[in-house]
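Quick note: to get my numbering, add 6 to the position in the sequence shown (first position is 1).
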Amino acid sequence: MSANAFLRKLKLTTGGYTRTKFLADWRSVGAIEARKDAFKYVRKDRRPSMKSMADVEWEMSEEYMFKVRAKFRTSPDEPLQERFVNIPSDRPMTPAEVEAEVFDRWNDWEKYAGEELESANVVAGYHRIDELEPEA
C-alpha cells in the first residue's frame with residue numbers, strides 16, 4: 007500500500023493526521039522495518055555502519071539510540087524474563103560497548119532493583135536526523 011492510500015484510509019478511520027507529520031512517521035517506520043535484522047550481523051567489536059541504523063526524526067536527547075534486549079531474573083529460582091531497554095549515545099557504539107553500558111547502568115536504575123541481569127543483546131540502532139524542510 008502506498009503512503010497516500012494509507013493516509014486516505016487513516017483519515018477515514020481516525021479523523022485527522024497532518025500530511026507532513028504522517029510522511030515523517032511513514033519514513034521512520036519504513037527505515038526501521040528495512041533495517042530490523044541488521045544488528046544480528048554486526049560483530050561485537052565493530053562499530054555498525056550507518057546502513058545498519060535506521061534514520062528517524064524522533065525527538066531524542068542524543069544523536070544515537072540503541073535498543074537492547076535484556077534477560078534477567080527477579081530471584082535465583084525464577085525463570086528468565088525479558089525486557090527492552092534503550093541506551094542513548096552521542097556517538098556510534100559497538101554492540102559490546104552498548105551491552106557493557108547496560109550492565110553498568112542496570113543496578114543504578116532504581117526501577118530494576120532486585121533484578122539480576124543475565125544477558126543483553128543489541129537488537130536495533132537508531133540515528134536521529136533533523137526534520138526535512140518542506141520544499142517551497
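No residue lacks a Cβ here, since even glycine has one placed at the ideal position from N, Cα and C.
According to DSSP, simplified to helix, strand and coil, what is residue i?
i	result
glycine 36	helix
arginine 25	helix
serine 81	coil
serine 95	strand
leucine 86	coil
Report the rounded CA-to-CA distance for residue i versus residue j, giving the unit in angstroms.
i	j	result
asparagine 113	leucine 29	39 Å
threonine 100	lysine 50	6 Å
alanine 106	threonine 20	43 Å
alanine 126	arginine 97	20 Å
tyrosine 143	alanine 40	Nothing about residue 143 can be reported from this structure: the residues present for the chain run from 7 to 142 only.
alanine 142	alanine 9	Legend: pLDDT at alanine 142 = 47, less than 50; position of this residue unreliable, value from coordinates given subsequently. For alanine 142 and alanine 9, the distance between alpha carbons rounds to 21 Å.
phenylalanine 45	alanine 11	31 Å
phenylalanine 78	leucine 18	43 Å
glutamate 103	lysine 27	34 Å
serine 58	tryptophan 32	18 Å
glutamate 121	tryptophan 115	10 Å
lysine 15	tyrosine 70	33 Å
Under the rule that 16 or more other beta-carbon atoms within 10 Å means buried, what is residue i, buried or exposed?
i	result
tyrosine 23	exposed
methionine 56	exposed
tyrosine 154	No answer is possible for residue 154: it lies beyond the span of the chain, which begins at 7 and ends at 142.
proline 82	exposed
valine 35	exposed
Is the Cβ of residue i closer than 9 Å to any Cβ of chain D?
i	result
asparagine 10	Protein chain content of the structure displayed is limited to a single chain, and chain D is not contained in it.
Indicate whether residue i and residue j have their beta-carbon atoms separated by less than 9 Å.
i	j	result
phenylalanine 109	leucine 123	yes
(request) Would you check if there are 3 or more beta carbon pairs closer than 8 Å linking the stretch 88-104 to the stretch 61-74? (result) Counting Cβ pairs under 8 Å, three or more are found: they touch.
(message) Can you confirm whether the stretch 130-137 touches the stretch 58-66 when touching is taken to mean that 3 or more C-beta pairs between the two stretches lie within less than 8 Å?
(response) At 8 Å Cβ cutoff, the stretches touch.
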